[in-house]
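Reviewing the structure listed below.
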Amino acid sequence: MTQISRKKMRALLGIIFLIFCGILCSCDRGKPTPNEDGDSVIVLSESEITIRMGKDVQISLLEGKIHSHQVEPLDILSVTYAPDSKVIDIHPMKVGQCKVLFFNKEGIPTELRVLVVKRTLQPTALEYIAPYNIAHDGVSFDKSGFPENSALFSWSEAKDRFSEITIEGQRWHLPTFKEWTAVASEFPNVVYYGKKDTLRTCYEQVVINGVTVEGASEFFNTTVGITYAVRFKDTDYYSAWRYSYERYKDKVHKFDSRLVITARPIDLDLAISAERDLTRTDFWEQSSNLSRTVELPATGCVKMADSPNDVFKRGASGFYWASDLYEIAGGSYPNIFYFNSMYILPSYYKLPNDKFAVRLFKN
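The sequence shown begins at 1 in the UniProt record's numbering and counts up one residue at a time.
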């Protein structure tokens, strides 16, 4: 090969190299860099993690599988978990940096890093219920907790007075039926402390502090007049409950009763059984600061058509109004929360002029 031919060949190779470099640079410019500005805090559990990536993309991981709400599942390349730049499996999930690699709308592989934080236990419904019933003055709480000191109202009176009220600096309201069922299940024969050794399961849908919560629950009725429950499994409101119908301990009210409810949140990592675990005294003694207890006096009610000057079942049964109506063929009737010596039964009531007690919930 001549000198001129070698020079031409080198020049040609140089041109090809420059073109190739240009293509590479162009490709590099099209590749996105990690979106450090898009970092967001997410809440996770052992079974589910949700990563919110701006307005367009939300990815959920459920039981180790990748699902997508706002992008197609096939658009996601992979998800890696990288605390301190060391890549490990996403399960078990831990606190650290989560690196997500996915296709964006243009089909370009995009990487995003988000901060992973541990889930916090959500309070039970008992955190939002007032500690006492409304007193006879209609504007304060009856702190004695005895049945005869609770004011009784017709449904329309309760609605008008307590749709919103401020007491002791806190805003309160008459609860809806779904708020009451967050305290005890609406299903009959579930919280049935008068029936021995029965285990019931059901799927509940309730409202806790304005949040709709759905989940499976199990209720165990014991031989000693107590019902235990594990409620809202696999949700942030996973919790343990204890229901008992008890006599007052003072001599004046020794024949009067009240409903005593204790509840506490449970960490999602724990597999708790109502029958095996909640019946043990040491379960409730451990971390007892997490538990909340509410007492509902057996207030009785006034049946206006029969005995407007007497209180029916005072000291034996509790009658409490809800704020909304139950719609059935032939009419609409106020919802109520009811209990007696055998069971709890949120239901509806056909005589709204009768007088029931009021227990408020926090706004």
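Glycine included, each C-beta is placed from N, C-alpha and C at the ideal position.
With DSSP collapsed to three states, give me the class of leucine 209. Counting from one through the sequence shown, the residue named residue 209 turns up at place 209. In the sequence as presented, leucine is not what sits at residue 209; that position holds asparagine. Asparagine 209 falls in the coil class under three-state DSSP.
Does DSSP classify histidine 143 as helix, strand or coil? Position 143 of the sequence shown holds residue 143. The displayed chain sequence assigns lysine, not histidine, to residue 143. Correct three-state label for lysine 143: coil.
Alpha carbon to alpha carbon, how far is tyrosine 348 from leucine 325? Give it in angstroms, no decimals. As a working mapping, residue 325 is identified with position 325 in the sequence shown. As a working mapping, residue 348 is identified with position 348 in the sequence shown. Answer to the nearest angstrom: the Cα atoms are 8 Å apart.
Span of the beta strand (DSSP E) holding alanine 229? Here residue 229 refers to the residue found at position 229 when the sequence shown is read from its first residue. Residues 226-231.
Short check: CB of phenylalanine 232 to CB of valine 252, under 9 Å? Taking the sequence shown and counting its residues from 1, the one referred to as residue 232 is at position 232. Taking the sequence shown and counting its residues from 1, the one referred to as residue 252 is at position 252. Using a Cβ distance threshold of 9 Å, phenylalanine 232 and valine 252 do not count as a contacting pair.
Can you find the residues in the same chain that come closer than 7 Å, C-beta to C-beta, to asparagine 340, ignoring five residues on each side of it along the sequence? Counting from one through the sequence shown, the residue named residue 340 turns up at place 340. Taken in chain order, the residues that qualify are Ala316, Ser317.
Quick check on this structure: which residue in Thr281, Asp282, Ser273 has the alpha carbon closest to the alpha carbon of leucine 199? Counted from its first residue, the sequence shown places residue 199 at position 199. Here the closest residue by C-alpha is Ser273.
Can tryptophan 284 and phenylalanine 153 be called in contact, C-beta distance under 9 Å? In the sequence shown, the residue the question calls residue 284 occupies position 284. In the sequence shown, the residue the question calls residue 153 occupies position 153. The answer is no: Cβ separation not under 9 Å.
Under the three-state DSSP convention, the category phenylalanine 283 falls into: As a working mapping, residue 283 is identified with position 283 in the sequence shown. The answer is helix: DSSP assigns phenylalanine 283 an H, G or I state.
Is phenylalanine 356 helix, strand or coil when you go by DSSP? Within the sequence shown, residue 356 is the residue found at index 356, counting from 1. In this structure, phenylalanine 356 counts as strand in the three-state DSSP scheme.
Measure the C-alpha to C-alpha separation of tryptophan 241 and alanine 125 and round it to an integer number of angstroms. Residue mapping note: residue 241 aligns to position 241 of the sequence shown, counting from 1. Residue mapping note: residue 125 aligns to position 125 of the sequence shown, counting from 1. Cα-Cα distance, rounded: 11 Å.
Name, in chain order, the residues that DSSP records as bridge partners for alanine 216. Position 216 of the sequence shown, counted from the first residue, corresponds to residue 216. According to DSSP, alanine 216 bridges with Tyr203.
For proline 297, count neighbouring C-beta atoms within 10 Å of its own C-beta (all shown protein chains included) and say buried if the count is 16 or more, exposed if not. Indexing the sequence shown from 1 puts residue 297 at position 297. It counts as buried.
Run of the alpha helix (DSSP H) containing threonine 181, from where it starts to where it stops: Counting from 1 along the sequence shown, the entry for residue 181 is found at position 181. Where threonine 181 is concerned, the enclosing alpha helix (DSSP H) stretches over 177-181.
Can you grab the Cα-Cα spacing for the pair valine 311 / aspartate 267, in whole Å? The count along the sequence shown starts at 1 and reaches residue 311 at position 311. The count along the sequence shown starts at 1 and reaches residue 267 at position 267. Whole-angstrom Cα-Cα distance: 43 Å.
With a 10 Å radius around its C-beta and 16 neighbouring C-beta atoms as the bar for buried, classify glutamate 164 as buried or exposed. Here residue 164 corresponds to residue number 164 of the sequence shown, with the count starting at 1. It counts as exposed.
Going by the beta-carbon positions, is the gap between serine 156 and asparagine 133 smaller than 9 Å? Against the sequence shown, residue 156 aligns to sequence position 156. Against the sequence shown, residue 133 aligns to sequence position 133. For serine 156 and asparagine 133, no; Cβs fall outside 9 Å.
So, methionine 342 versus lysine 195, is the Cβ gap smaller than 9 Å? In the sequence shown, counting from the first residue as 1, residue 342 sits at position 342. In the sequence shown, counting from the first residue as 1, residue 195 sits at position 195. The answer is yes: Cβ separation under 9 Å.
So, with DSSP's three-state summary, where would you put glutamate 168? Within the sequence shown, the letter at position 168 stands for residue 168. Three-state DSSP puts glutamate 168 in coil, outside helix and strand.
Identify whether phenylalanine 319 lies in helix, strand or coil by the three-state DSSP scheme. Position 319 of the sequence shown, counted from the first residue, corresponds to residue 319. The answer is strand: DSSP assigns phenylalanine 319 an E or B state.
Just verifying my parser: in three-state terms, what is the DSSP assignment at alanine 125? Taking the sequence shown and counting its residues from 1, one reaches residue 125 at position 125. In the structure shown, alanine 125 sits in a helix (DSSP, three-state: H, G or I).
Pick from Phe337, Ser307, Val211, Arg258 that is closest to aspartate 236, judged by C-alpha positions: What you label residue 236 is simply residue 236 of the sequence shown in a count that begins at 1. Considering only alpha carbons, the answer is Val211.
Only counting runs of 3 or more residues, tell me where the beta strand (DSSP E) segments fall wholly within the region 237-313, in order along the chain. 239-247, 257-265, 292-297
For a quick check, are the C-beta atoms of cysteine 301 and phenylalanine 337 less than 9 Å apart? Numbered from its first residue, the sequence shown carries residue 301 at position 301. Numbered from its first residue, the sequence shown carries residue 337 at position 337. Contact: no.
Give me, in chain order, the residues of the same chain whose beta-carbon lies closer than 8 Å to that of tryptophan 172; leave out the 5 immediate sequence neighbours on both sides. Position 172 of the sequence shown, counted from the first residue, corresponds to residue 172. If the five residues before and after tryptophan 172 are omitted, its C-beta is found closer than 8 Å to the C-beta atoms of Ala130, Phe162, Glu164, Ile165, Thr166, Leu360, Phe361, Lys362, Asn363, all from its own chain and listed in chain order.
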